[in-house]
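J.: In this note's numbering, the protein residues as written are 161 to 421.
Ideal Cβ positions, reconstructed from N, Cα and C, are used throughout, including at glycine.
Quick caveat, the model's predicted, so the values are computed rather than measured.
Dropping a structure here in structure tokens format, bear with me for questions.
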């Protein structure tokens, strides 16, 4: 009887540690961590996922661990889950950054919209590109790969493993920020170039026809031309977004490896 109770206690402690990492993922990830999703849904989904993962996670020696040590390990697992979700969130911020580049040239930078997911104001074009990328993310079953990446993290950073920050942590942060800026510029560069050419043409017209009010004509013209360009380049956004999601999982694994003891 005591052996049975000990086994139940061991697996209960292991389940709580797995649940902590799952909760961290669902709190910080871009799709699962939406504010308009009820917290009870996130908790319930985390409990179901932790129960599914439980048989595939190696069982550490949790038999004689005191409560405070289990609590400390739960906090550590929660932080690991938050890191995985945060890396995915940072990659998704590429679309908001690209939208801010586009809105600055189109004249939409003064008109932001409220994003219910984050509870903050975002650019109009950024919100549009973000919704488009989220749909592509779900169509490609990206949420499945995100969960799969979290499951594979138990093999890279097992339960009860030591955490040590790698010396390449700063290099990884610089590489991640560089990647975000480059791909945001890749998404926004067609509209930026088109608006630049529009401003160049308006400048020439202003010199040749001084009686024309360039500011009155230029603002609606840039908005119309920018929207037309965005409509035509939507098919070319899809492979770029696919590449971003493919690299997102690679960044997640690299971030986890930075904390290997």
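Taking only the alpha-carbon atoms, compute the straight-line gap between residue 161 and residue 252 and give it to the nearest angstrom.
T.: Only weak support is given to the placement of residue 161: the predicted model assigns it a pLDDT of 48, under 50, and the question is left unresolved by the model.
J.: Rounded to a whole number of angstroms, what is the C-alpha to C-alpha distance between residue 214 and residue 320?
T.: Their backbone Cα atoms lie some 15 angstroms apart in a straight line.
J.: Under the rule that 16 or more other beta-carbon atoms within 10 Å means buried, what is residue 201, buried or exposed?
T.: Exposed, by the Cβ-count rule.
J.: On the criterion of 16 or more Cβ atoms from any shown chain inside 10 Å, does residue 250 qualify as buried, or is it exposed?
T.: Buried is the call here.
J.: With distance defined between alpha-carbon atoms, name the residue in 198, 242 and 194 nearest to residue 179.
T.: The shortest C-alpha separation from residue 179 is found at 242.
J.: Are the segment 228 to 243 and the segment 389 to 403 in contact at 8 angstroms, needing three or more beta carbon pairs?
T.: As far as the Cβ criterion goes, the segment 228 to 243 does not touch the segment 389 to 403, which means the pair count is below three.
J.: For residue 261, does the count of other Cβ atoms within 10 angstroms reach 16, so buried, or fall short, so exposed?
T.: So residue 261 counts as buried.
J.: Need the endpoints of the alpha helix (DSSP H) that residue 264 sits in, please.
T.: Start and end: 227 to 266.
J.: Suppose you measure from the CA of residue 182 to the CA of residue 316; what does that come to, to the nearest Å?
T.: Answer to the nearest angstrom: the Cα atoms are 15 angstroms apart.
J.: Ordered along the chain, which non-local residues of its own chain (more than five positions away) have a Cβ less than 6 angstroms from that of residue 313?
T.: Excluding residues within five positions, the ones whose Cβ falls inside 6 angstroms are 416.
J.: Do you know how far the Cα of residue 298 is from the Cα of residue 392?
T.: Looking at the two C-alpha atoms, the distance is approximately 23 angstroms.
J.: Helix, strand or coil: which one does DSSP assign to residue 420?
T.: Residue state, collapsed to three classes: strand.
J.: Report yes or no: do the segment 378 to 395 and the segment 356 to 364 share at least 3 C-beta pairs separated by less than 8 angstroms?
T.: Touching, yes.
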